[in-house]
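Input: a single structure, listed below in structure tokens.
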Amino acid sequence: MAGRIPDQFIDELLARTDLTDVVASRISLKKTGQNYSALCPFHNEKSPSFSLNPNKQFYYCFGCGAGGNAISFVMEHDHLDFVDAIEALAKDAGMEVPREQGAPDRYEQNAELLKRLSESAQFYQQQLTQHPDKKRATDYLSKDRGLSGQIAKVFGLGFAPPGWDNLLKKIGTRAESQEQLLLGGMLVEKKEQPGHYYDRFRDRIIFPIRDSRGRVIAFGGRAFGDEKPKYLNSPETPVFQKSQELYGLFEAKQNTQILDQILVVEGYMDVIVLAQHGITNAVATLGTSVNSQHIRKLFKLVSKVVLCFDGDKAGRSAAIRGLEASLSVMQDEKQIRFLFLPEGEDPDSLVRQEGKDAFNKRLEDASSLSHVLFEHARNQVTLGDEEGEAQFTRNAMSMIQQIPKELTFRSVLIRQLSEQSGIDSDTLGNTSIPKQRPSTNNQSDTQNNTTNEHIPHIGNDEEHYAPAYDEYDSYSNHEYSSAPSHYESNKKSTFKKGGKFNKFKEKEAFFPPAPSSLSRIKQASLCLLLHPHIAQHIDLPDPLVNQTNEELQIFCKIWRYFTKHPTKNTGHLLGEMVDQSTITNIYALLNHQDATTKQKITNAQQEVLDMVSAMEKNLGLNSSIARLKSKGNESIKDSSSKQELRNLMDLIRQKKH
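This is the structure in structure tokens:
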């Protein structure tokens with residue numbers, strides 16, 4: 001029975017796990033004094049900046065800021081969630097993962113269904129190499145679409161041969177199996193003969209759809225010619241909701257060494273052809289527009305998401321739906337960008353024509369969310385006068401207000417709008433604009449679940465990458481058949497009361513807001529940790545050093561260490577620090593989402609100096625207020641007191657601005 005993993009077990013697992021062994025089994029380590037060093041597996045670098053402390057069982061990269069223990073390393077390196085990482089480490093340690101009492105999750109409830117879907121995937125793969133009519137399928141993949149046997153194996157491509165009951169005869173030999181196949185959308189019940197079934201997928205190329213853990217949860221089937229529907233998808237089932245899944249996400253996690261951004265495209269073949277050309281970080285929506293759940297899911301994995309659209313009118317409309325879906329789930333330190341392709345092109349055709357490097361250059365030049373937002377707001381205006389400018393401002397603010405209030409990104413957009421409209425930021429920030437009626441963001445969701453007509457036909461007759469036909473004969477389905485047999489743990493419910501139920505009686509999840517940004521003092525501390533050399537150029541006045549503020553005390557400890565040891569770095573600081581509370585706070589800073597950004601900034605010294613200056617002014621302000629209060633109004637008659645009052649008023653005015 002699934003349930004929460006006890007904290008005591010996690011502590012015991014970490015105690016019995018040697019971080020050095022875990023890391024050494026995945027990357028090459030070199031002994032450097034008491035620690036180990038390596039090229040960081042989480043970003044590209046030429047000289048080692050990854051450091052592992054075997055005594056403290058902690059790793060840290062001075063290049064990108066990645067750090068943590070064995071669990072976090074396995075999560076990041078193997079692209080696993082927390083539960084999967086625990087199970088992987090427990091398996092290596094020969095430990096059984098216990099579960100506290102709890103209700104089984106939907107995957108465990110449908111374990112038999114998942115087995116039938118896995119068996120179906122194996123059957124279709126076997127047909128691609130063994131069926132008498134296999135040449136038709138392999139010729140289509142290799143000659144018509146230019147796919148290699150290797151890429152077909154990576155994505156588990158298969159062949160549903162002609163006939164009404166091939167899968168039924170192979171997998172559905174028992175009534176229980178037929179029931180599961182019907183539940184999973186693999187069979188269709190005959191209208192004229194209740195209790196009798198036929199195969200849903202017939203005479204098609206098969207694309208298994210896997211969840212983020214590699215389990216087959218659905219299928220897509222493409223016709224060989226112009227038969228209708230061109231693309232046939234599994235219907236929604238207890239384990240497959242198409243609006244929540246992304247095709248190719250599992251493969252992207254498995255095959256991309258440094259997964260820092262994800263490209264969202266429209267079709268299966270776009271994902272596969274891009275992967276064949278070395279762009280392995282693409283995923284596709286499953287017949288729906290990009291929605292907020294997709295963005296939220298991707299933000300858990302990467303900091304940058306690029307939405308790819310055709311450059312025609314339909315592509316522009318799809319981009320606006322993607323923009324609208326992104327606003328409410330934006331997070332600081334996360335990016336949404338928009339890539340518009342030349343009209344008449346799609347990722348499949350374009351990457352064939354211009355190659356990987358040119359396509360990656362397009363990705364680098366993708367439009368920012370702010371650019372698309374303001375362009376869309378401007379395009380909705382027809383007047384070129386003051387009324388038009390007012391309408392543009394209202395249009396932009398109606399979208400900006402959908403971004404969570406606590407985000408710095410929202411403030412940046414308001415400032416940009418202020419510059420464009422001439423209205424000051426405070427006025428814009430306090431403006432209340434009625435929400436516009438949302439566009440039909442997921443119009444395609446109302447279509448028949450089993451069809452996906454709007455996925456573009458990606459036609460290309462080039463055969464530059466066509467493999468030899470015999471490559472498919474060596475296609476082994478062994479790797480694909482070994483789907484994980486474990487299921488993720490139930491976590492504490494995040495469902496809100498009274499939430500809307502879907503057809504499978506599961507409440508929609510309530511997602512917490514994005515994590516808050518660091519305070520100004522903590523940001524300055526992070527700057528010191530990531531740029532320790534700047535400590536030599538910063539002076540702290542005694543009144544500041546003697547403050548009892550805990551955050552400021554930690555900042556001062558970091559500053560003192562690097563001032564005293566100008567040649568040492570954060571690794572040395574952590575190794576020599578004895579105060580466990582301070583160490584914990586430093587680890588938290590190094591693992592915060594702001595660390596990556598602070599590592600890249602060029603004005604770290606100025607940021608720290610600005611913080612110190614602000615703290616000094618605040619101390620002076622508080623001191624003056626206290627002193628003048630003690631004197632009383634009647635006693636402020638001498639010139640020195642009057643000057644102090646004037647200085648105080650200046651400080652107050654500065655703080656307000």
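With UniProt numbering, letter number 312 in the sequence shown gets 312, and the count goes up by one each step, no holes.
Note that the Cβ used here is the ideal one computed from N, Cα and C, for glycine as well.
Bounds of any alpha helix (DSSP H) do not take in Leu-157, whose DSSP letter is neither H nor E. Taking each of Tyr-60, Pro-566, Val-154 in turn and checking the Cα distance to Val-273, the smallest one comes out for Val-154. Cβ-Cβ separation between Gln-335 and Lys-304: approximately 4 Å, consistent with a contact (criterion under 8 Å).
Bounds of the beta strand (DSSP E) holding Lys-30 are 30-32. Setting aside the 5 residues that flank it on each side, Gly-172 is surrounded in the same chain by Gln-178, Leu-181, each with a C-beta closer than 6 Å to its C-beta; the list follows chain order.
In this structure, the CA atom of Lys-56 is about 24 Å from the CA atom of Pro-566. The beta-bridge partner set that DSSP reports for Gln-261 consists of Lys-304. Remark: C-beta atoms of Val-283 and Gly-322 do not approach each other more closely than 7 Å.
The beta-carbon distance between Pro-238 and Gly-156, rounded to whole angstroms, is 22 Å. This is too long to meet the 8 Å contact definition. For Asp-310, the pairing in a beta bridge is given by DSSP as Leu-341. Of the candidates Thr-597, Thr-431, Leu-609, the residue whose Cα lies closest to the Cα of Glu-333 is Thr-597. The criterion of a C-beta distance shorter than 7 Å is not satisfied by Leu-286 and Tyr-231. When rounded, the separation of the alpha-carbon atoms in Asp-84 and Ala-390 is 52 Å. DSSP places Gly-388 in the helix class (H, G or I) of the three-state scheme. Distance between Val-612 and Val-545, taken at the CA atoms: about 10 Å. Non-local C-beta neighbours of Leu-540 in its own chain, meaning closer than 8 Å and more than five positions away in sequence, comprise Cys-556, Trp-559, Val-612, ordered along the chain.
The C-alpha of Thr-548 lies about 10 Å from the C-alpha of Ile-554. Distance between Gly-571 and Ser-51, taken at the CA atoms: about 8 Å. In this structure, DSSP gives Gln-335 an extended state, which the three-state scheme calls strand. For Pro-98, the CB contacts under 8 Å within the same chain, skipping 5 residues up- and downstream, are Ile-5, Pro-6, Phe-9 in chain order.
Selection Cys-308, Arg-394, Leu-339, Glu-324 evaluated against Ser-292 yields Glu-324 as nearest (Cα-Cα). Judged by DSSP in its simplified three-state form, Arg-174 adopts coil rather than helix or strand.
For Ala-111, the uninterrupted alpha helix (DSSP H) run begins and ends at 111-130, by DSSP. Below 8 Å, too few C-beta pairs join the stretch 29-46 and the stretch 124-132 to call them touching: fewer than three.
Looking at Asp-81, Ala-70, Ile-583, the one whose alpha-carbon comes closest to that of Lys-300 is Asp-81.
Rounded to the nearest whole angstrom, the C-alpha separation of Lys-356 and Asn-166 is 40 Å. Annotation: the continuous alpha helix (DSSP H) that includes Val-351 extends over 347-364. By the CB criterion at 7 Å, Val-302 and Leu-263 fall outside the cutoff. Lys-135 sits exposed, since fewer than 16 C-beta atoms from the chains shown fall within 10 Å of its C-beta. Burial of Lys-242 is indicated by the presence of at least 16 other C-beta atoms within 10 angstroms of its C-beta. Straight-line spacing of the CA atoms in Gly-94 and Ser-47 works out to 36 Å. Excluding five sequence positions before and after Gln-420, none of the CB atoms of its chain fall closer than 6 Å to its own CB.
Counting every other CB atom within 10 Å of its CB across the protein chains shown gives Glu-266 a total of 16 or more, marking it as buried. DSSP, read as helix, strand or coil, puts Asn-69 in coil. Per DSSP, Leu-552 is one residue of the alpha helix (DSSP H) stretching across 550-564. Asn-430 and Ala-535 have their C-alpha atoms some 40 Å from each other.
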